[in-house]
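Visitor:
In C-alpha cells:
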C-alpha cells in the first residue's frame, strides 16, 4: 500500500470543522470593538428561516461577527439593495477533471460564487497515491476557495484495472488526520460494499461516524438496503427521479450532478418536493474548462432550478446550508455569527449574477473577474508518471470467427451501452470499421511499464479517420486511445507519452493537436484560459476527424471507468460492469 | 479540578455515532440470509420524504436491515395496519430531575416511546464531579433506553455558588472520549461566553467541531451574535416566539421545552413554520415522576403539536430525525437500513398511543407496560454527600432599617421576579410574614462542611406555617429551605441531612413528610412508582401547610439557579442574575 505518509497531522480537524473561539471576534460581535468591514444596505438571505433580512453584516478577520444594527467598522461597504447570500458549496468534485491545478480551478469557479468544494482527489491518487493527495492539499492551501478533501475510497476503482497506486484503509486513516479531510469519498465499489468485501468494509469502518459518500448508479431495492447499511450517506449517480426518491427514502442525501459528461439535473428536478429539500445538494463532479468558463458550475445549476420555479431560498439551501450540514461543516453554509465570511453579492435571486465574491472576509472577485487575488507559492509538482512500453504488436487484435462485444457511447452520459457485432477483419486481424462506426479502442498501462494493453471495440465516437489518445482515463488514468488505423493510434499514444501526459489527435504519422497535461498526466500547469483554448483545439481536431460529439475526449475518458455500467475497458480488457467481471472481447 | 478519571476510553465514539459495518447484517439486508424479525403489514413513516410506505421492515440483531418485500425471518410479526415510527429522541434532559436512577427513568419513558435521550448529568456532577458523571454512564449501560451524555459545561454554574465539585476543560475532554459522550452540555454561563471568559472559552474550544448546547434565556441582538459566535449550536430557554425566531435566524437549533416547572411549548407553537421545521427539536429538560407517569414526556409534547394541526410527519421529525441530525447521530432518528431498531408501533398519528416499543431490535414494552425488560446489574452508588454544619445562629437575619430584596416565584416558570419590601422584624431579626407571603429562605452549603448559609426572602411559595427543605437545588444542590419559623426550618433541614438527602416538610419539631433521595441527594434508589407516591406525599404535606402551588418543591428547587433571571439565592447569598453578581439582601 505504499509508504506511510508523514505530515497528515495538520492543525487538527477542529480548525476547519468547528468554530475556533476568539475573544476579539466576540468583542466585535458584541459591538464593543470595531469590525474590519460592515456590509450595509443589503438584503441578507437567511437560509435558516427562509427570510430576507435588512440588516448590516459585520466582518472581522475571516469570520462573520454578527448581523444587526449598531456595528462600527474601519470600512463600511454599501450593498445598495443587493442581496447578500452565502458562498456556494460544491458537494462533490474531482478538481483534476478541470484539467488545471487547484489554484486555476479556484480562479475559474470563485468569481461565479463557489467558495467551498468538497473534492475527491481520486484521479491523481490513482496516479500518485498518497503523494498525489498531498499535492492537491498543498496546492489548495491559502486559496480563496476552501478545498475540503474526501479520502479516495476506491484507488484503484477495482482490481480489474491497473492504477499507479493503491490506497488501503490504513493509508486513508492517515490522510483523515489532515484538517481539511472530512471523510471517505464516493464508495464506487458498490458491489463490494453490498456484498461485504473485507477491504471495502475496512475502509467504511475506518470512517464510521464521519461523512461517507456513496456512488451507486441504478442500485435499488434490497441491494440498496445493503449499500445504505454498509455506511454511505449520499449518492450523486441518480439518473431518474424514481431512483433518487428511493435513495432519499432509504436515508441517502442526494447530490444532483451536472457534470460536463453526465448531466442529471434536468431529469431530477421532480424530486425537489418540499419534504425532501433538506436532503438534496448540488455537485459538478467533473467539469471541463469550457463549461466552467462559459456556463459556470453551481451557479448555472441554481439558475436552472430557479427557472423551474423553486423558491429562491430553498434553491440556495441546496448549495449552502444543506451540504454544510451533510458534511458537518458548522462553520459555513449560512450568514451567521462565527461562520466564515464567504459571501456573495447578487443583484437578484433569479439571474444570480454574482456582483461580488467575498472569501474569508476579503473581496476576491467583482463582476466575474478576480480582484485582490492571492498567489500562494505553488507546491512542488509530483514526479512525472509515464512509464510506457508499447511493443510492436501491442495494438493487434487477432480475428476470431465469432461476434465481438462493442462498447456503445451514449452522449452526455457516463453509462454506456453494449452491443454485439461481427467485426471487420483484414489479414487475420480485427480492424476499425469507420463506415459502421465500430472503432478499435486501446487502454495502454502507463504507470508500471507492464506493457499491458486492453483492446476492444467502440461505437459512438464517430471518427472517420485518424486517432485520439489521452492520459485522462477514469479512474486508472492509463492511456486510452481510439482510432481508425494502427499508425494513427500509435502516433497519438506516443504523442501523449512524450508530452508527459496530455490529450492528442493524430492522423497517420502526424500529430494534429496536443494538449499537454504534465501534472500527473491529468492537469496542465497553465492558466485555465490557455488550457481551455488547448482543449478546444484538440476537441476541434477530433471533430475534424469525424466525431459528432461535442466533446469526444470527455466521452473517451470515461470509457475506462469500470464501475459505471454497462461495458467498459481497462488495461486488463473489457469489463461487464453489471456482472462486475472481466469479459472476453469475443462472445 | 479533581483527580483525572480513568476509564473514559470506551469502545470508541464510532460505535455509537457511526454504523459499525457487519457483513452478516449486509447479508440480511440483501435478502441472502434470514432476518431475526420481519415486521409486516405496517404503515412505515418515512421521516426523510414525509411518506407512508407499506413495506416490510427486516430487523437483524440490534439494527434495521432493510425495508421492502421479500425478507425471510425466523419471526414474522404482523402490525395489522398500525403505523411504525422511529423511537423518540429527547434532545435535552437532566435525568436526575426525575428523582430516580437511569434504570427507573428508562422504565418510565420507554413505554411512552422515548428510546434515546441526550442527557446532561450536571446535577450529579455538581455533587460528585466526574465520579457522578461516571455513575450516570454506568447506570445507563445496557438499558433499552440509549442515554447519551453531554459533558456538563458549568459545574459549578457560576462562582457565585458552592458545588461539590468543579469540572474544568481538561476534565470534560477526558469524559469526551467515552463513546456515549457527544459534546458539551448547555453553556449556561452565557455572560461568560459572550464576554469571552477564559475558562468558558477553553471548554468551548475543547469541543469545537462537536455538538455544543446553548442556554441563553432572553439573549437577543448583538449579545446573541457573540453567544452564537462563541460556539453553542442550540438553545432550549426560549419563552417567546420572537426570541425563538431570532435564535433560529442566527443559526441556533431551537429545542422546545416542556419541563415540569418550565412549560414553553404552547407559547412557541407559532415558530413551527415550514421553513424552520428542520431546525427544531423537543426536550423535557426536567420532569418529575407524576408528569412522566401521567402525561408523559416527548409523546405528550407531540400530541399537543399534532392537536395544533402540524402535519404528523413534520411533527414526528421534531422528535426523531431533527435531533439525530443536530447531534450527528447517523445511526438513529429514522427507519432506514443500518440504523438501530428503535421503533414504535402506534395506532394512529393523532393520539400517538404507543402500542409497542422496540429497542435495539427487541420488543420491550406493550400497551404502556414493559415486557422482556432487562435488569442490568446496578452500579455502585456514589458515596453519600451530606457534609453539613449548621450553627445555632445560622438561620438568623439581623434586621436593618432598610428595605429588602424578595425573590418572586412565578408559577410554572423557572425565571423569577424581584421585589423590594419592608420586611417584618421581631426582636432585631427578620422573620417570615406569612400574611404577606414573604418567607425566609435559606441555602445551606452541604458539600464541604463550610457552615455557609445564604439567607433571603421569597414570595409566592405561600406557606402559612411550617417549613420545607430539599437537597435538590439547581444546580449546586445545596440544601434549600423555606419556612415560616426557624424551628420548622431547622427540623426540615435536619431531616434531609439525616436521610442522606431528600425532600422534607416539617412543622415545629415534627417531620410531616420525607422523601429520601440517597443517591447524591438527588435520586431515590426505589422504583419510580414508589418515588412518585413519596413525592406526592411531600408535595401534599407542603400544600397542607398552605402553598397554593401544584408543586412547591419543584418551584423551590429552582430558586437557587443563579443563571436564570431575575433574583436567585445560593449559599453565598442573593444573586442579581441580570447584573450577574451577588447582591445584598438590603437595598
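Residue numbers (the working numbering), protein chains in the order written: chain R, -13 to 573; chain F, -13 to 573.
Backbone N, C-alpha and C define an ideal beta-carbon position, used for all residues, glycine too.
1. Less than 8 Å between CB atoms is the rule here; does residue 322/F satisfy it with respect to chain R?
2. Excluding the five sequence neighbours on either side, which residues of its own chain have a C-beta within less than 8 Å of the C-beta of residue 554/R, listed in chain order?
3. Per DSSP, what are the beta-bridge partners of residue 26/F in this structure?
4. Could you tell me the distance, in whole angstroms, from the CA atom of residue 70/R to the CA atom of residue 10/R?
5. Tell me whether the beta-carbon of residue 54/R lies closer than 8 Å to the beta-carbon of residue 217/F.
6. So if DSSP puts residue 403/R in a beta bridge, which residue, or which two residues, is it bridged to?
7. Does any CB atom of chain C fall closer than 8 Å to the CB of residue 530/F?
8. Quick one: Cα of residue 573/R to Cα of residue 379/R, how far?
9. On the criterion of 16 or more Cβ atoms from any shown chain inside 10 Å, does residue 14/F qualify as buried, or is it exposed?
10. Thinking C-alpha only, which one of 250/R, 92/R, 415/R is nearest residue 203/R?
11. Does residue 349/R come out as helix, strand or coil in the three-state DSSP assignment?
12. Give a yes or no on whether the minimum CB-CB distance between residue 649/R and chain F is below 8 Å.
13. Taking C-beta pairs closer than 7 Å, name the residues in chain F that residue 574/R reaches, listed in chain order.
14. Using a Cβ cut-off of 8 Å (strictly closer), state whether residue 34/R contacts chain F.
15. Determine the burial state of residue 353/R: buried for a count of at least 16 other Cβ atoms within 10 Å of its Cβ, exposed for fewer.
16. I believe residue 246/R touches residue 273/R by the beta-carbon criterion, under 8 Å. Please report the beta-carbon distance rounded to the nearest angstrom.
17. Could you check whether the Cβ of residue 172/R sits closer than 8 Å to any Cβ belonging to chain F?
18. So, with DSSP's three-state summary, where would you put residue 98/F?
19. When the Cβ atoms of the region 515 to 522 of chain F are set against those of the region 105 to 117 of chain F, are three or more pairs found closer than 8 Å?
20. Taking Cβ-Cβ distances below 8 Å as the criterion, which residues of the region 261 to 294 of chain F are in contact with chain R?
21. Under the assumption that residue 604/R contacts residue 464/R (Cβ atoms under 8 Å), give the Cβ distance between them as a whole number of angstroms.
22. Using C-beta distances below 6 Å, list every residue in its chain close to residue 155/F, excluding the 5 sequence neighbours before and after it, in chain order.
23. Can you name, in chain order, every residue of its own chain whose Cβ lies under 8 Å from the Cβ of residue 396/R, other than the five neighbours on each side?
24. In terms of alpha-carbon separation, which member of 35/R, 373/R, 51/R, 40/R lies closest to residue 325/R?
25. With distance defined between alpha-carbon atoms, name the residue in 266/R, 565/R, 125/R, 59/R nearest to residue 575/R.
26. Use the C-beta contact count for residue 474/F: other C-beta atoms within 10 angstroms, 16 or more gives buried, fewer gives exposed.
27. Label residue 120/F either buried or exposed according to how many other C-beta atoms from any shown protein chain fall within 10 Å of its C-beta, with 16 as the threshold for buried.
28. Can you list, in chain order, the residues of its chain with a C-beta nearer than 6 Å to that of residue 91/F? Leave out the 5 residues immediately preceding and following it.
29. Taking DSSP as the reference, what is the three-state secondary structure of residue 562/R?
30. Can you name the start and end residues of the alpha helix (DSSP H) that residue 108/R belongs to?
31. Cα separation between residue 44/F and residue 314/R?
32. Would you list, in sequence order, the uninterrupted alpha helix (DSSP H) runs of no fewer than 4 residues that lie entirely inside the region 202 to 254 of chain R?
33. Have a look at residue 224/F and residue 262/R and give me their C-alpha separation to the nearest angstrom.
34. Do the region 362 to 372 of chain R and the region 382 to 390 of chain R make contact, defined as three or more Cβ pairs closer than 8 Å?
35. Which residue comes first and which comes last in the beta strand (DSSP E) that contains residue 567/F?
36. Are the region 415 to 424 of chain F and the region 434 to 448 of chain F touching by the rule of at least three beta carbon pairs closer than 8 Å?
Guide: Quick answer:
1. Residue-level contact by beta carbon holds for residue 322/F and chain R, with a gap shorter than 8 Å.
2. Excluding sequence neighbours, residue 554/R sits near 393, 402, 545, 546, 547, 548, 560, 561, 563.
3. BP columns for residue 26/F point to 64/F.
4. Taking the CA atoms as reference points, residue 70/R sits about 24 Å from residue 10/R.
5. No, the pair does not count as a contact, with Cβ atoms beyond the cut-off.
6. Residue pairing from DSSP places residue 403/R in a beta bridge opposite 394/R.
7. Of the protein chains in this structure, namely R and F, none is chain C.
8. The straight-line gap from Cα to Cα measures roughly 23 Å.
9. Counting C-beta atoms within 10 angstroms of its own C-beta, residue 14/F has 16 or more neighbours from the protein chains shown and is therefore classed as buried.
10. Nearest of 250/R, 92/R, 415/R to residue 203/R, Cα basis: 250/R.
11. Reduced to three states, the DSSP call for residue 349/R is strand.
12. The shown model of chain R, from -13 to 573, leaves out residue 649/R, and the question about it has no answer.
13. Residue 574/R lies beyond the range of chain R shown here (-13 to 573); nothing can be said about it.
14. Residue 34/R counts as touching chain F.
15. With fewer than 16 Cβ atoms within 10 Å of its Cβ, residue 353/R is classed as exposed.
16. Contact between residue 246/R and residue 273/R holds: their C-beta atoms lie close to 5 Å from each other, under 8 Å.
17. By this cut-off, residue 172/R is not an interface position.
18. Residue 98/F: helix per DSSP, three-state reduction.
19. Below 8 Å, too few C-beta pairs join the region 515 to 522 of chain F and the region 105 to 117 of chain F to call them touching: fewer than three.
20. Listed in sequence order: 261, 262, 264, 265.
21. Given a span of -13 to 573 for chain R in the structure shown, any question on residue 604/R remains unanswerable.
22. For residue 155/F, where only same-chain residues beyond five positions count, the Cβ hits under 6 Å are 188, 189, 192.
23. Around residue 396/R: 402, 403, 446.
24. Checking every option, the nearest Cα to that of residue 325/R belongs to 51/R.
25. As displayed, chain R neither begins before -13 nor continues past 573, which places residue 575/R out of reach and without an answer.
26. By the 16-neighbour rule on beta-carbons within 10 angstroms, residue 474/F is buried.
27. Flag for residue 120/F reads buried.
28. For residue 91/F, where only same-chain residues beyond five positions count, the Cβ hits under 6 Å are 81, 84.
29. Under the three-state reduction of DSSP, residue 562/R is assigned to strand.
30. Looking at the DSSP string, the run of the alpha helix (DSSP H) that includes residue 108/R is 108 to 125.
31. In this model, residue 44/F and residue 314/R are separated by some 30 Å (Cα to Cα).
32. Counting only runs of 4 or more, we get 207 to 216, 227 to 235, 251 to 254.
33. A straight-line Cα-Cα distance of about 28 Å links residue 224/F and residue 262/R.
34. Using a C-beta cut-off of 8 Å, the region 362 to 372 of chain R makes no contact with the region 382 to 390 of chain R, since fewer than three inter-stretch Cβ pairs fall below that distance.
35. Where residue 567/F is concerned, the enclosing beta strand (DSSP E) starts and stops at 567 to 569.
36. Counting Cβ pairs under 8 Å, three or more are found: they touch.
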